[in-house]
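Take a look at the structure below.
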Amino acid sequence: MDRQRRAGDAPGDRSRRGRADQRSSGPRAARARAGVIRRVAIAGVLLALASSASAGPGPLIAAHRGGARLWPENSLAAFRGAIALGVDALEFDVHLTASGEPVVIHDPTLDRTTTARGLVLEATRDALSTARLRDATGAPTDERVPTLAQVLDLAASSKVDVLPEIKPQVNGAPYGGLEVLVLEALAARGLSPRAVVQSFDPATLARVRARTPSARTMLLVSRTRLGVEGISAVDAVRRAAGVGTTDVGIDHHLVDARVVAAARAARVRLSAWTVNAEADLLRMRTLGVDVVMTDRPDLALRLFGRR
176 MDRQRRAGDA
186 PGDRSRRGRA
196 DQRSSGPRAA
206 RARAGVIRRV
216 AIAGVLLALA
226 SSASAGPGPL
236 IAAHRGGARL
246 WPENSLAAFR
256 GAIALGVDAL
266 EFDVHLTASG
276 EPVVIHDPTL
286 DRTTTARGLV
296 LEATRDALST
306 ARLRDATGAP
316 TDERVPTLAQ
326 VLDLAASSKV
336 DVLPEIKPQV
346 NGAPYGGLEV
356 LVLEALAARG
366 LSPRAVVQSF
376 DPATLARVRA
386 RTPSARTMLL
396 VSRTRLGVEG
406 ISAVDAVRRA
416 AGVGTTDVGI
426 DHHLVDARVV
436 AAARAARVRL
446 SAWTVNAEAD
456 LLRMRTLGVD
466 VVMTDRPDLA
476 LRLFGRR
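Residue numbering for the sequence shown follows my numbering, beginning at 176 and increasing consecutively.
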């Protein structure tokens, strides 16, 4: 029918149709079609990115030192607050006192985070009971240095995982027997399945695994360490997997798509620390890291759509 209609067209009709055909197939039309294709392609990419960003809950959120920008770091108040927020894990540091009791504090000295002074290793129970923790501004608070037992008791009463970091002495030497004390304290409260023991020292983690072969361990990786050893973050991931660690924790500045791919290939869980800025938290989510350790668990929870 269409062919018949075209055959009977008047000459003027055919001329007008010819000009229209030229317009639809000329350079201007080609550019217009290319523009449409580009716009459709861009829209598709943006839609894919939006879908990726909204898919799933994002990385697990570990409150670094309990949430050091919200409360006095490594305090019971911080750990209670982080649990109330709904974090997935509590991250904290463990040192040994003069009495052989594990306590939760980051530095090997009391000077920065408490009103007392001196080495944690030389601190008595009485000295620690009177020392007050300082907040992020340096002002004293009513919080005290908690024992490992107190922190683990609190964690055991909730559903959070725990990420204890076994710290060295001020001279870098390990505390004798600290790994055993940490493992025993975890086991006594049924927390072993919910724990990942951390350290920057591979030998410390080897002792943990020798004592408890089923223990999950995380090798921490810093830019300084990589510079000293002359290796890349990808190399560090592969090395961690090679020595038997189940997890690797890397300074977030070092994390990129290659590092994530290396962790996937090595079948180790990848944590990024310490991620506090909104842009960095979103970047870690886009890259697909498994865990973010953050001083701002409130911000991470909001950005990941969990508050």
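We put the CB at the ideal spot given by N, CA and C, even for glycine. All values derive from a computational prediction rather than experimental measurement.
Going by beta carbons, D263 and A237 fall inside the 8 Å limit. By alpha-carbon distance to M393, the top candidate from G463, R413, V403 and G242 is R413.
Contact between the stretch 302-311 and the stretch 453-463 is absent: fewer than three C-beta pairs spanning the two stretches fall below 8 Å. Note on geometry: alpha-carbon atoms of D465 and T288 lie some 30 Å from one another.
Spanning the alpha carbons of T322 and R444 requires a straight line of approximately 28 Å. For E297, the number of other beta carbons within 10 angstroms of its own is below 16, and it is reported as exposed. Collapsing the DSSP output to three states places T392 in a strand.
For V357 against V320, the beta-carbon gap comes to about 16 Å, at or over 8 Å, which does not count as contact. Rounded to whole angstroms, the gap between the alpha carbons of V396 and A408 is 8 Å. Counting only runs of 4 or more residues that sit fully inside the stretch 412-448, the alpha helix (DSSP H) segments are 432-441, in chain order.
In the three-state DSSP reduction, R481 falls in the coil class, being neither helix nor strand. In the three-state reduction of the DSSP assignment, A259 falls in the helix class. The same chain holds no residue with a CB closer than 6 Å to that of A378 once the five nearest residues on each side in sequence are set aside. In this structure, DSSP gives A314 a state outside helix and strand, which the three-state scheme calls coil.
According to the DSSP assignment, E266 belongs to the beta strand (DSSP E) that extends over A264 to L271. When secondary structure is reduced to three states using DSSP, E297 falls in the helix class.
For D376, the closest alpha carbon among the candidates R369, E340, R364 and T387 is that of E340.
Straight through space, the alpha carbons of L271 and L353 are spaced by roughly 7 Å. About 11 Å separates the CB atoms of V467 and L476; that is not less than 8 Å, and the two are not in contact. Here P283 is near Q344, since their CB atoms are less than 8 Å apart. Boundaries of the beta strand (DSSP E) harbouring E340: D336 to I341, taken from the DSSP string. Separation of D422 and A447 (C-alpha to C-alpha, rounded to the nearest whole angstrom) is 11 Å. Straight through space, the alpha carbons of L285 and R240 are spaced by roughly 15 Å. H427 counts as buried, since at least 16 other C-beta atoms from the protein chains shown sit within 10 angstroms of its C-beta.
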